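First comes the structure, then the notes that go with it.
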Amino acid sequence: MIKLIASDLDGTLIGPDFRFRPRTLHALEAARAAGIDIVFVTGRPSRWLTPLREQTDFDSYAICSNGAVVYHLGANEVEAVNGAEPAVIERAHTRLEPIFPEVTYTLETVDTVYIQGPHDGGDVLEGARVVESSIAEAFVALGDTPIIKYLVRVPGMDPDILQVRVAQTVGELVSVTRGVVGEPLIEMGSKTVNKGRTLAQFAARHGIEAHEVMAFGDMPNDAEMLCWAGRGYAMASGEPALIKKVGRTCPPFGEDGVAQVIENLLEGHSGSAEEAVWDSV
808 MIKLIASDLD
818 GTLIGPDFRF
828 RPRTLHALEA
838 ARAAGIDIVF
848 VTGRPSRWLT
858 PLREQTDFDS
868 YAICSNGAVV
878 YHLGANEVEA
888 VNGAEPAVIE
898 RAHTRLEPIF
908 PEVTYTLETV
918 DTVYIQGPHD
928 GGDVLEGARV
938 VESSIAEAFV
948 ALGDTPIIKY
958 LVRVPGMDPD
968 ILQVRVAQTV
978 GELVSVTRGV
988 VGEPLIEMGS
998 KTVNKGRTLA
1008 QFAARHGIEA
1018 HEVMAFGDMP
1028 NDAEMLCWAG
1038 RGYAMASGEP
1048 ALIKKVGRTC
1058 PPFGEDGVAQ
1068 VIENLLEGHS
1078 GSAEEAVWDS
1088 V
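Next comes the structure, spelled out in structure tokens:
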């Protein structure tokens, strides 16, 4: 029996306009009405989630910044922070900067973004205190403040190749993943934190086991979550490497794939029948 639905946002539940597709929102509301809890699991920081609160009328939680933050949407407050130690991120930065010297580096805490290098501002910085400085100066200002995300963006570089190079350089120190389609943007954080681990902890606190969780995602940063959940689905429109790793797919975002699976769940269709159809997508 499914007790919890956990889902990524971008490319899974919402499009570039950060709006739920009507069918998807209706399916989520129907699941909630049926007694199934909903948790959003995203690489986005908690400060970006106001539009979710504006579009939903049910109380929920969001696991943000790839697992580093647990945010209560209903209360509009951060409940837990699982950030990386600044000293560890500083070691990673000293290794990466000589390899990628003229690019953009970003450090994020819950409420502040430190940026070194060119950037165009925009929505990604909305709601944050922005400090333009060298990353070395940022570490001095941070003190012991946990870092929820450390990013490097290398324009013009193939995202897959960039991820491999970064992982080879600092993978022993930090988690290394990607969450934006086609962008040469690598996201790093605590070695012990990812979407899957934080979701597992969240579920355990609510008395829910892995086999009672259905999860959806489309990018490499969703891998641990989809592999942990009893029924994890990679979007057919998602990254090929993720689809191969997870081994179970649902229809693509453009066809309201998440909604289709939830509708079948609520109608009582068997899991084996679903998998037989969607694994071949």
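Numbering (the numbering used here), first residue to last: 808 to 1088.
C-beta atoms are modelled at their ideal positions from N, C-alpha and C, and glycine is treated no differently.
Just so you know, these numbers come straight off a predicted model, no measurement behind them.
Residue burial classification, residue i (beta-carbon count within 10 angstroms, cutoff 16)
| i | result |
| --- | --- |
| P905 | exposed |
| D1025 | buried |
| R1012 | exposed |
| G822 | exposed |
| G1054 | exposed |
| T901 | exposed |
| G1075 | exposed |
| G782 | Since the first and last residues shown for the chain are 808 and 1088, residue 782 lies out of range. |
Given residue i as reference, the closest of the options once Cα atoms are compared
| i | options | result |
| --- | --- | --- |
| S872 | A813, G890, F1009, F827 | G890 |
| E884 | E861, Y912, S853, L859 | S853 |
| F946 | P893, V938, Y912 | P893 |
| L880 | T901, V961, P858 | P858 |
| I993 | G1061, R830, V973 | V973 |
| D1063 | L811, R960, I809, L816 | L816 |
| I1015 | D927, E1074, I843, R830 | I843 |
| R830 | A1066, A841, E1074, D824 | A1066 |
| P1027 | Q1008, G1061, D967 | D967 |
| R1004 | V961, I809, V877, L856 | V877 |
| A1048 | R985, G1061, I809, G1075 | R985 |
| D927 | T901, P962, F907 | P962 |
| D824 | I809, L856, S867 | L856 |
| C1034 | K1002, G1061, Q1008 | K1002 |
Cβ-Cβ separation, residue j to residue i (assumed contact under 8 Å), whole Å
| i | j | result |
| --- | --- | --- |
| A1041 | I1050 | 5 Å |
| V987 | Q970 | Actually they are not in contact, since the Cβ atoms of V987 and Q970 sit about 12 Å apart, beyond 8 Å. |
| T976 | L903 | 6 Å |
| I896 | V981 | 7 Å |
| A1090 | K998 | Given a span of 808 to 1088 for the chain in the structure shown, any question on residue 1090 remains unanswerable. |
| E836 | F865 | 7 Å |
| L811 | A1010 | 6 Å |
| L1073 | A887 | Not really, about 31 Å apart at Cβ, beyond 8 Å. |
Beta-carbon proximity of residue i to residue j, cut-off 9 Å
| i | j | result |
| --- | --- | --- |
| T849 | A834 | no |
| A935 | D918 | yes |
| R839 | I845 | yes |
| E939 | Y912 | no |
| G1045 | T819 | yes |
Chain-order list of residues whose beta-carbon lies under 7 Å from that of residue i (same chain, five-residue window excluded)
| i | result |
| --- | --- |
| E1081 | Its pLDDT being 44, under 50, E1081 is placed unreliably in this model, and the value from its coordinates should be taken loosely. V1068, N1071. |
| A813 | V846, V848, L1006, V1020, A1022, M1032, A1036 |
| S941 | Q923 |
| R960 | V910, T911, P991, L992 |
Own chain partners of residue i with C-beta closer than 6 Å, once the 5 adjacent residues on each side are dropped
| i | result |
| --- | --- |
| Y957 | I896, L914, M995 |
| A899 | V977, L980, V981 |
| A1043 | T1056, P1058, P1059, V1088 |
| H1018 | G1037 |
| V1000 | G874, A875, N889 |
| S867 | I845, L880 |
| V937 | V920 |
| R860 | L880 |
Own chain residues within Cβ distance below 8 Å of residue i, not counting five before or after
| i | result |
| --- | --- |
| T916 | G890, L949, T952, P953, I954, I955 |
| Q862 | R826, F827, L832 |
| D965 | P991 |
| V1084 | Its pLDDT being 40, under 50, V1084 is placed unreliably by the model, and nothing is read from it. |
| L907 | The sequence given here has Phe at residue 907, not Leu. Excluding positions up to five away in sequence, the list reads V959, V961. |
| M808 | E1019 |
Proximity test, Cβ basis, 9 Å: residue i and chain C
| i | result |
| --- | --- |
| L903 | Looking at the structure shown, chain C is missing, and only one protein chain is on hand. |
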